[in-house]
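What follows is one structure encoded as structure tokens, with my remarks underneath.
In my numbering, the protein residues as written are 1 to 410.
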């Protein structure tokens, strides 16, 4: 199958409508915390508050979303004010005395948990950068660039962070080059930073060299420091949705670089490999974990369907189709789109359920927790709506594919 221009226009209208009339209204304005700032996002299917604690990842992600909507959809005062509430909460409460960020705090901002990872920091980078572009706030721009530099140090300077693995069996994950690549892309395309292009190239090379295995047609989640496969349970575990998220980050970079053919080939190859391993041919949807050699996976939720891999696969397949015209990507996009909106979408209350059993039945009804909030789904709907406007000529897809010299330097 293929998509006509009319099909793509309809897809763009659908994603835009879902974003603005279904997904965002589920979260805002009711999730704004008028007393303490930030957002109350741990919510059940009908919006009922389940817990007033705050996940720092999601505070940053939500602030990014609101600022991005202001920058690219409509400069609504409520979106800018909402973004500022999250930025202020992050800066006031979510940094420890050592400069690193917490993972989980109370409603008042009191620390509960701090993780070894620096992902809280990466989400604070993109939030501050998007808010700086929206508001012209020089301090937010400086904060974004400073934090980005710290993230690079955390990833590259030995001893700054406690290692995840003992020296007995050292390993590295694809998550670090992936998230730093996308963080650099967001920073570059909002306020600009001269470090970004070189770092993005470095992260892509690492993914291609160490994690993409052409001989077995696979993208590894974890490898040894030299890129070899670690033939133990953890080392063999694959996360197809995560790898496909990395694929669309690379395809996005290909588009940014005037349809770079090597990056298109690399991103599509990653998508091809992990679609084949991840798509459930019996029930539909994307498996959460697989084993590289098709052996049993340790985690009991390995065959469940989580919301966010489907968001990433929707973006990746649509982007691959627009870059290549290959009809299989249109077919795959329709398959994952139909599955996701048929099974995850709560047509009564809006937004998506987060977790399904393998057969597509809802495993539990929460829509917000320490890991799920207004990010993967609205990002997918926003990105795809903007992409469709750009490729069909029905609008200007601001901020997605603009060339670097159009970036606003603050």
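Think of the CB as a built atom: it goes at the ideal place given N, C-alpha and C, for glycine as much as any other residue.
Fair warning: this is a prediction, and the values are worked out from it, not measured in the lab.
Counting C-beta neighbours from all protein chains within 10 Å, is the total for residue i 16 or more, i.e. buried, or is it exposed?
i           : result
residue 406 : Any reading at residue 406 needs caution, since the residue's pLDDT is 39, under 50, leaving its predicted position unreliable; the model's value is listed next. Counting Cβ neighbours within 10 Å, residue 406 comes out exposed, since fewer than 16 surround it.
residue 2   : exposed
residue 221 : buried
residue 232 : exposed
residue 5   : exposed
residue 391 : buried
residue 404 : Because residue 404 sits at a pLDDT of 34, beneath the cut-off of 50, its placement in the model cannot be relied upon, and the point is left open.
residue 379 : buried
residue 78  : exposed
residue 371 : exposed
residue 43  : buried
residue 185 : buried
residue 136 : exposed
residue 348 : exposed
residue 157 : exposed
Would you mind reading off the limits of the beta strand (DSSP E) that contains residue i?
i           : result
residue 364 : 362 to 364
residue 51  : 49 to 51
residue 111 : 111 to 113
Just confirm the distance between the C-beta atoms of residue i and residue j, as a whole number of angstroms; I'd bet it's less than 8 Å.
i           : j           : result
residue 66  : residue 47  : Incorrect: roughly 18 Å between the Cβ atoms, too far for contact.
residue 45  : residue 322 : No, residue 45 and residue 322 are not in contact; Cβ-Cβ is about 34 Å, not under 8 Å.
residue 130 : residue 64  : 5 Å
residue 107 : residue 54  : 6 Å
residue 340 : residue 314 : 6 Å
Assuming residue i is part of the alpha helix (DSSP H), what are its boundary residues?
i           : result
residue 250 : 240 to 256
residue 120 : 119 to 135
residue 486 : Any question about residue 486 goes unanswered here, given that the chain covers just 1 to 410.
residue 25  : 24 to 27
residue 391 : 376 to 392
residue 70  : 56 to 72
residue 146 : 138 to 156
residue 30  : Taken as a continuous stretch (DSSP letters only), residue 30 belongs to no alpha helix (DSSP H), as it is neither H nor E.
residue 79  : 77 to 93
residue 235 : 233 to 236
residue 6   : 5 to 18
residue 208 : Taken as a continuous stretch (DSSP letters only), residue 208 belongs to no alpha helix (DSSP H), as it is neither H nor E.
Indicate whether residue i and residue j have their beta-carbon atoms separated by less than 8 Å.
i           : j           : result
residue 178 : residue 235 : no
residue 59  : residue 90  : yes
residue 124 : residue 191 : no
residue 248 : residue 267 : yes
residue 116 : residue 164 : yes
residue 385 : residue 70  : no
residue 289 : residue 354 : no
residue 19  : residue 332 : no
residue 39  : residue 62  : yes
residue 241 : residue 309 : yes
residue 292 : residue 238 : yes
residue 270 : residue 212 : yes
residue 155 : residue 180 : yes
residue 350 : residue 22  : yes
residue 253 : residue 200 : yes
residue 352 : residue 377 : yes
residue 27  : residue 50  : no
### Runs of alpha helix (DSSP H) lying entirely within the stretch 269 to 333, each at least 4 residues, in chain order
307 to 324
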